[in-house]
Every structure is written in C-alpha cells, then in structure tokens.
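Some notes on the structure that comes next.
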Amino acid sequence: MTGPDDPAWRWEFRVEDFVYARLAEAQTAAEALPPGPAQDAELNRIDSLYLIANEHNIWIDARGRSAAACLTCTATSGVPCTTMRGLARLFRDHPDYRPGWNENIDDPRYRSNVYKDYKRRTTIYQERKAELDAFYARFDLEQTAKGERWRCKACGAVGEEWQPIPGTYDYPHAIGTAAHRHPTCERTSP
2 MTGPDDPAWR WEFRVEDFVY ARLAEAQTAA EALPPGPAQD AELNRIDSLY LIANEHNIWI
62 DARGRSAAAC LTCTATSGVP CTTMRGLARL FRDHPDYRPG WNENIDDPRY RSNVYKDYKR
122 RTTIYQERKA ELDAFYARFD LEQTAKGERW RCKACGAVGE EWQPIPGTYD YPHAIGTAAH
182 RHPTCERTSP
C-alpha cells in the first residue's frame, strides 16, 4: 500500500465497508417484508451475519494503527481475514464487489490451502475425530512426570516423552508420532 491515491490503499477496510453496506441493505429489505415467519427468518439470518462480521473487524488501536488482523485471527491469515473476505463473497454479484478480494478462492492461479480447505467441506472436528479415533483404537495417551507419551494397547510399547508447551499448541505430539514410530506390533500378553 502506497497511499490514498493508490486504488488498493486500505483495501482491507473497503472490504469491511462493503460487507456492512450490503448487510444494511439486506436489513432494510428484511424490515420491509410483511411481519411474520419469513421476516423473522431473514432478520435472524442477517443478525447472524452481523455477528460473524463483528468478530472479524480489523483491530485498530487508539492511535489509529491497524493491527493487520481482526482480534480472533492472526496476521498470517491475511488482511482482512478469510472470514471477512468470505462474507464479502456472499455479495459477489454486486457491482462494488472486487474479485481480487477472494482471488485465493476464485482465481485458479492464486488458489491456496484456503481453497483446498474450503472445498473439502469438512470441519476441524471431523478431521480431528478421525485422527483421534484411529490413535485411541491402538494407543493410550499417558501423562508422565515429564509430560506425556503414547502406550500401545496391544504390546505395551511406549513412545518418548514430550512436554507440551502450554497455551501455544494443543496437539499432543505423541498422537502424531505413534503410528509412525510403532506401525505394527505383536501381542505379547494373552
């Protein structure tokens, strides 16, 4: 970004402004519907979109500096976050929509992991559950004085101990390494 004369300057705020303008238009249209279940459903849908957008506004400090991210995302996930850009994409037929806001989804030249994740149509829970179910079918996760380790349910073999780093990474290292370090085993107990 170079300055106010550059059309791309502060584009991240333009995405937010675009989303809120479209939501305001939708709110006005919903309020014009006859009172009843259809109006209630539309107003609730718009309120839900407002709630999502509200959580993903770019954070600005008291001096007007942008933190380059919303409060719930990190700067590495892009500016603005994928959530705000996804909300803008709801209105991609609007003349003020800029396709560049979502080139990581819409343009095959720029597709990234965001596109792959979105096309899988799965949740983090579904992915984690499959991995955890496979782990716990074969192993136990034991707490030790030094941290944690895996133990094979069939033969009793154990993995090396790992100390989790509190507050930084929730994934137990033992779960990711157990199947690789202990691919097969022979049952040693009856």
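One gets my numbering by counting positions in the sequence shown from 1 and adding 1 to each. Backbone N, C-alpha and C fix where the C-beta goes; we use that ideal spot for every residue, glycine too. Quick caveat, the model's predicted, so the values are computed rather than measured.
Same chain, Cβ closer than 7 Å to residue i, five either side skipped, listed in chain order
i	result
C186	C153, A155, C156 and A158
R110	none
N105	Y111, R112, S113, V115 and Y116
K147	E162 and Q164
D94	none
T83	V115
T77	Model confidence at T77 stands at a pLDDT of 49, short of 50, so the residue's coordinates are unreliable and nothing is read from them.
Extent of the continuous alpha helix (DSSP H) to which residue i belongs
i	result
T83	T83 to R90
P38	P38 to E56
N114	N114 to R121
E104	E104 to D107
Neighbourhood of residue i by C-beta, 6 Å cutoff - its chain only, sequence neighbours within 5 removed
i	result
A27	I47
V20	A54, L88 and A89
Whole-Å CB distance - residue i paired with residue j, under 8 Å assumed
i	j	result
L91	I53	With 8 Å as the limit, L91 and I53 do not qualify as a contact, their Cβ atoms being about 10 Å apart.
N55	E17	About 10 Å separates the two Cβ atoms, so there is no contact after all.
A31	E43	4 Å
P100	D107	6 Å
Beta-bridge partners of residue i, as assigned by DSSP
i	result
L142	W151
Residue range of the unbroken beta strand (DSSP E) whose run includes residue i
i	result
W60	I59 to I61
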